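Line by line, the protein sequences give chains P and D.
Going by this note's numbering, the residue at position 57 of the first sequence is 57; the numbering climbs one at a time, nothing skipped.
With positions in the second sequence counted from 1, the corresponding number in this note's numbering is that position plus 1000.
We put the CB at the ideal spot given by N, CA and C, even for glycine.
The structure displayed is predicted, hence computed values, not measured ones.
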Amino acid sequence: MLLDLSEEHKEHLAFLPRVDSTVVAEFGRIAVEFLRRGSNPKIYEGAARKLNVSSDTVQHGVEGLTYLLTESSKLMISELDFQDSVFVLGFSEELNKLLLQLYLDNRKEIRTILSELAPDLPSYHSLEWRLDVQLASRSLRQ
Amino acid sequence: MELSEYVQKGFQMLADPGSFDSNAFTLLLRAAFQSLLDAQADEAVLDHPDLKHIDPVVLKHCHTAAATYILEAGKQRADKSTLSTYLEDCKFDRERIELFCTEYQNNKNSLESLLGSIGRSLPHITDVSWRLEYQIKTNQLHKMYRPAYLVTLNVENTDSRSHPEISFSCNMEQLQDLVGKLKDASKSVERATQL
Chain P
1 MLLDLSEEHK
11 EHLAFLPRVD
21 STVVAEFGRI
31 AVEFLRRGSN
41 PKIYEGAARK
51 LNVSSDTVQH
61 GVEGLTYLLT
71 ESSKLMISEL
81 DFQDSVFVLG
91 FSEELNKLLL
101 QLYLDNRKEI
111 RTILSELAPD
121 LPSYHSLEWR
131 LDVQLASRSL
141 RQ
Chain D
1001 MELSEYVQKG
1011 FQMLADPGSF
1021 DSNAFTLLLR
1031 AAFQSLLDAQ
1041 ADEAVLDHPD
1051 LKHIDPVVLK
1061 HCHTAAATYI
1071 LEAGKQRADK
1081 STLSTYLEDC
1091 KFDRERIELF
1101 CTEYQNNKNS
1111 LESLLGSIGR
1121 SLPHITDVSW
1131 RLEYQIKTNQ
1141 LHKMYRPAYL
1151 VTLNVENTDS
1161 RSHPEISFSC
1171 NMEQLQDLVG
1181 KLKDASKSVE
1191 RATQL
């Protein structure tokens, strides 16, 4: 099953080949961290200054990457399907490999995070028990 | 057992064959037990034709005295000698003491059961139902393929007569943990009852 990437999404991701692969790896790390803990817009500003682009561009890049990872993890697409989906973006081999690795490395954790969003019933946590013997009450002694 | 003058007076009247003949005595005694133990009992319990000749005020007094005494005796788990002693003090003759003790003995278990059920307690489990399901996908996660249990405990509360339900879900490990701990608890109870 191939991912269906919207035009807007592809535009956002188009930022990735413009930067170094270490930067992309760092974006990947930030993306997963944001999934774990929530996003922190200050990070975008710091990165934007260092890379000399607008913070919006950085934000879109990271969010685009996040969405790519979450969609792939949600659908649990195969390696081949992931590669084929990313192929349409026209990135370099190196970048494609990096993205695939990012997917494979983080997929399990992302799926765990996504499972927390599902409707849930109260679930068992643990059982504590105590054996009591009633000796007396106000209405019955001994 | 500390009993009020009211109770004592009531019993003294009950003891008097002039006020209560044997038949009336037995009827009143039974009525007292019935009022306490029979859930369907109502005020008509004293409406027996053989009690009609007795002054209703006296009847009520003695009925109340008897009921009060029975409850106190039940609460303290009085034995035959304690009962006899008090009744002797109230001038009951041997026959009436025997009658009282017999009636008391016959109703002792129901009485203790009734007294024991008064009071607050935690709700207790009456039934369990479970459902095993297989989760396939959610809107956030596809291809889940994992089993889960949905367990419902039916619970009863003697106080409020309410029947709430406690429902929760658990996966295989959690259910094993729950069952394991319940087994521990039940083994503990077995050991405790053997002591």
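Subject >> Best match in P:SER139, P:LEU114, P:GLU33, P:LEU65 for proximity to HIS1142 (chain D) [C-alpha to C-alpha] >> reply: Among P:SER139, P:LEU114, P:GLU33, P:LEU65, the Cα nearest to that of HIS1142 (chain D) belongs to P:LEU114.
Original post:
Using a C-beta cutoff of 7 Å, does ARG141 (chain P) count as contacting chain D?
Top reply: Yes, because at least one Cβ of chain D sits closer than 7 Å to the Cβ of ARG141 (chain P).
Original post:
Would you say TYR103 (chain P) reaches chain D, if we count a Cβ-Cβ gap shorter than 7 Å as a contact?
Top reply: Not a single CB atom of chain D sits nearer than 7 Å to the CB of TYR103 (chain P).
Original post:
Which of helix, strand or coil does DSSP assign to CYS1170 (chain D)?
Top reply: Taken through DSSP and simplified to helix, strand or coil, CYS1170 (chain D) comes out as strand.
Original post:
When the cut-off is 7 Å and only beta carbons count, does SER1188 (chain D) lie next to chain P?
Top reply: For SER1188 (chain D), the nearest CB of chain P lies under 7 Å from its own CB, placing it at the interface with that chain.
Original post:
TYR124 (chain P) by DSSP, collapsed to three states: which one?
Top reply: Shown here, TYR124 (chain P) sits in coil according to DSSP, grouped into three states, outside any helix or strand.
Original post:
So which residues on chain P does GLN1200 (chain D) lean against when the C-beta distance must stay under 9 Å?
Top reply: Because chain D here runs from 1001 to 1195, residue 1200 (chain D) falls outside it and cannot be looked at.
**OP:** Could you work out which residues of chain D lie near SER39 (chain P), taking near to mean beta carbons separated by less than 7 Å?
**Re:** Near SER39 (chain P) there are no residues of chain D at all, since even the closest Cβ is about 18 Å away, more than 7 Å.
Original post:
Do the region 1062 to 1075 of chain D and the region 1101 to 1120 of chain D make contact, defined as three or more Cβ pairs closer than 8 Å?
Top reply: For the pair of segments examined, the region 1062 to 1075 of chain D was found to touch the region 1101 to 1120 of chain D: the number of CB pairs separated by less than 8 Å reaches three.
Original post:
By DSSP, does TYR1069 (chain D) sit in helix, in strand, or in coil?
Top reply: If DSSP states are grouped into helix, strand and coil, TYR1069 (chain D) belongs with the helices.
Subject >> Three-way DSSP call (helix, strand, coil) for TYR1126 (chain D) in this model >> reply: The sequence given here places Thr at residue 1126 (chain D); Tyr does not occur at that position. Residue state, collapsed to three classes: strand.
Original post:
If the cut is a Cβ gap below 9 Å, which residues of chain D does LEU131 (chain P) touch?
Top reply: The contacting residues are ALA1185, SER1188, VAL1189, ALA1192.
Original post:
Which residues in the same chain have their Cβ closer than 6 Å to the Cβ of PHE1092 (chain D), if we skip the five residues on either side of it in sequence?
Top reply: ALA1015, listed in sequence order.
Subject >> Any chain D beta carbon closer than 7 Å to MET76 (chain P) >> reply: For MET76 (chain P), the closest Cβ of chain D is nearer than 7 Å.
Original post:
Using DSSP with H/G/I as helix, E/B as strand and the rest coil, what is GLU1088 (chain D)?
Top reply: DSSP places GLU1088 (chain D) in helix when its eight states are reduced to three.
Original post:
Since LEU114 (chain P) meets chain D, which of its residues come closer than 7 Å, beta carbon to beta carbon?
Top reply: Taking a Cβ-Cβ cut-off of 7 Å, the neighbours of LEU114 (chain P) in chain D comprise GLN1140, LEU1141, given in sequence order.
**OP:** Confirm, please, whether the CB-CB distance from GLN1076 (chain D) to ARG141 (chain P) is below 7 Å.
**Re:** Contact: yes.
Original post:
What does GLU1112 (chain D) touch in chain P if you count any residue whose Cβ is under 8 Å from its own?
Top reply: Here the neighbours are LEU140.
**OP:** Please state whether DSSP places ALA25 (chain P) in a helix, a strand or coil.
**Re:** DSSP places ALA25 (chain P) within a helical segment (H, G or I) once states are collapsed to three.
Original post:
Out of curiosity, what's the CA-to-CA distance linking THR1193 (chain D) and MET1001 (chain D)?
Top reply: C-alpha separation (whole angstroms): 32 Å.
**OP:** Give the secondary structure of THR1158 (chain D) by DSSP, where H, G and I count as helix, E and B as strand, and everything else as coil.
**Re:** Residue state for THR1158 (chain D) is assigned as coil, using DSSP reduced to three classes.
**OP:** For VAL1045 (chain D), name the three-state secondary structure that DSSP assigns.
**Re:** In the structure shown, VAL1045 (chain D) sits in a helix (DSSP, three-state: H, G or I).
Subject >> Nearest-angstrom Cβ-Cβ length linking ILE1166 (chain D) and VAL1155 (chain D), presumed shorter than 8 Å >> reply: Indeed, because the Cβ distance is near 6 Å, the residues count as touching under 8 Å.
Original post:
Taking just the CA atoms, how far does LEU104 (chain P) sit from LEU79 (chain P)?
Top reply: Correcting the residue identity first, residue 79 (chain P) is Glu in this sequence and not Leu. When rounded, the separation of the alpha-carbon atoms in GLU79 (chain P) and LEU104 (chain P) is 8 Å.
Original post:
If you pair each beta-carbon of the region 50 to 67 of chain P with each one of the region 6 to 17 of chain P, do three or more pairs fall below 8 Å?
Top reply: Cβ pair count under 8 Å is three or more, so yes.
Original post:
Is the beta carbon of GLN1174 (chain D) less than 7 Å from the beta carbon of TYR44 (chain P)?
Top reply: Not closer than 7 Å, so no.
Original post:
Within the 7 Å Cβ cut-off, does ALA118 (chain P) reach chain A?
Top reply: Going by chain labels, chain A is absent from the structure shown, which instead holds the protein chains P and D.
**OP:** Would you tell me roughly how many angstroms separate the C-alpha atoms of ASN52 (chain P) and MET1144 (chain D), rounded to the nearest one?
**Re:** The straight-line gap from Cα to Cα measures roughly 42 Å.
**OP:** Go ahead and label LYS50 (chain P) buried or exposed: buried means 16 or more other beta carbons lie within 10 angstroms of its beta carbon, across all protein chains shown.
**Re:** LYS50 (chain P) sits exposed, since fewer than 16 C-beta atoms from the chains shown fall within 10 Å of its C-beta.
**OP:** Mind reading off the beta-carbon distance from LEU1182 (chain D) to LEU69 (chain P)? Whole number of angstroms is fine, and I expect it under 8 Å.
**Re:** The Cβ separation is near 42 Å, so there is no contact.
**OP:** Compute the distance between the beta-carbons of LEU1051 (chain D) and ALA1024 (chain D), then report whether it is under 7 Å.
**Re:** Between LEU1051 (chain D) and ALA1024 (chain D), the C-beta gap is smaller than 7 Å, which places the two residues in contact.
Subject >> Continuous alpha helix (DSSP H) stretch holding ILE1136 (chain D): start and end >> reply: Run containing ILE1136 (chain D): none; DSSP gives neither H nor E here.
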